[in-house]
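Working notes, structure below.
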Amino acid sequence: MTDPTSEALETSPFVATIVVTSRGPKGPHVLLLHPADIEALDGEWAWVPPGGVRDPCEKIADCAARELREETGIVAEPEPVRVDEAEEVGVYRLEVPWGTAVELSAEHTASEWVPLDRIAQRCQPAELLDTVRVGLGA
1 MTDPTSEALE
11 TSPFVATIVV
21 TSRGPKGPHV
31 LLLHPADIEA
41 LDGEWAWVPP
51 GGVRDPCEKI
61 ADCAARELRE
71 ETGIVAEPEP
81 VRVDEAEEVG
91 VYRLEVPWGT
101 AVELSAEHTA
111 SEWVPLDRIA
121 QRCQPAELLD
131 TVRVGLGA
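Quick note on the UniProt record's numbering: the sequence shown kicks off at 1 and runs consecutively.
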């Protein structure tokens with residue numbers, strides 16, 4: 001694992017995952033998206049945070065901002081949290097005001113602000129849940 005501000009973040013091929021949080025009237029929530037390639041919404045587990053693969057020659061920080069913008073319509077520069085070189089995943093976080101609008105791309109069919117106590121039911125497999133926990137600082 002490297003420091004998220006290190007040079008490796010700018011040169012290595014990574015996937016970026018962005019954990020977007022917002023403090024609602026009943027506490028913190030995490031933004032999760034339902035992928036369009038999963039047909040039914042009935043799977044509690046079928047939800048993911050925004051993220052995606054870095055384009056050729058793209059910096060991982062730029063990838064995180066681009067994926068966030070493309071998948072949610074949110075324009076921001078997420079804060080790097082951790083890079084796991086073994087998995088090649090850059091984990092980022094961003095806190096937005098409660099009520100921030102989400103504009104989905106064709107990659108997703110729904111979005112939901114999920115309370116922290118329901119994240120484990122929504123994020124499967126365990127590796128994805130672990131990534132979300134890293135982004136939350138848990």
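We treat Cβ as the ideally placed atom computed from N, Cα and C, and that holds for glycine.
Quick check on residue i: buried or exposed, where buried means 16 or more other Cβ atoms within 10 Å of its Cβ?
i: residue 50; result: buried
i: residue 25; result: exposed
i: residue 57; result: exposed
i: residue 23; result: exposed
i: residue 137; result: exposed
i: residue 132; result: buried
Tell me the DSSP bridge mates of residue i?
i: residue 133; result: DSSP output for residue 133 lists no bridge partner at all.
i: residue 32; result: 112
i: residue 48; result: 33
i: residue 69; result: Answer is none; residue 69 lacks a bridge partner.
Out of the options, point me to the one whose CA is closest to residue i's CA.
i: residue 123; options: 33, 28, 109 and 73; result: 33
i: residue 98; options: 38, 91 and 112; result: 112
i: residue 115; options: 108, 19 and 74; result: 19
i: residue 81; options: 61, 73 and 67; result: 61
i: residue 66; options: 15, 121, 120 and 131; result: 15
i: residue 95; options: 126, 105, 48 and 68; result: 68
i: residue 120; options: 77, 53 and 47; result: 47
i: residue 70; options: 117, 118 and 102; result: 102
Identify whether residue i lies in helix, strand or coil by the three-state DSSP scheme.
i: residue 1; result: Residue placement at residue 1 is flagged as unreliable, the pLDDT there being 47, under the threshold of 50; the coordinate-derived value follows with that caveat. DSSP places residue 1 in coil when its eight states are reduced to three.
i: residue 18; result: strand
i: residue 122; result: helix
i: residue 139; result: Residue numbering for the chain in the displayed model covers 1 to 138; residue 139 lies beyond these limits and cannot be assessed.
i: residue 95; result: strand
i: residue 102; result: coil
i: residue 6; result: A caution first: residue 6 carries a pLDDT of 46, below 50, which makes its placement in the model unreliable, though a value can still be read off. In this structure, residue 6 counts as coil in the three-state DSSP scheme.
Return the first residue and the last residue of the alpha helix (DSSP H) that residue i is part of.
i: residue 77; result: No alpha helix (DSSP H) contains residue 77, which DSSP labels as neither H nor E.
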